[in-house]
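In this note's numbering, the protein residues as written are 1199 to 1302.
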């Protein structure tokens, strides 16, 4: 969260196989089509749900870090955080069950 970040991605097209290749690193930072990186989504989600901050308080904290996001976008990203969290738990469920089984 170092403030505004602009990325210009160059996609490579293979004429032999017709595949299009994108930056794997950029996709680890920002979801395709999204204007906010994962670290900002995590910051918003943790502020809202772990530290019980209001959207206005979160907006003020982000402004202090030179990140400008509207209140409605903070709400949207908070919901997105919960969706990502639920998806991550679903993916981890087999490992969690295995650990619980081993622990008794």
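All C-beta atoms in this analysis are idealised placements derived from N, C-alpha and C, irrespective of residue type, glycine included.
In summary, residue 1246 is buried, with 16 or more beta-carbon neighbours lying within 10 Å of its beta-carbon over all protein chains present. Counted as a single uninterrupted DSSP element, the alpha helix (DSSP H) harbouring residue 1299 occupies residues 1269–1301.
Looking at the DSSP output, residue 1218 bridges to 1211. The C-beta of residue 1253 has 16 or more other C-beta atoms within 10 Å across all chains shown, which makes the residue buried. Contact annotation: the region 1260–1268 does not touch the region 1279–1287, with fewer than three C-beta pairs closer than 8 Å. Per DSSP, the continuous alpha helix (DSSP H) segment holding residue 1243 begins and ends at 1236–1247. DSSP places residue 1256 in the uninterrupted alpha helix (DSSP H) bounded by 1253–1262.
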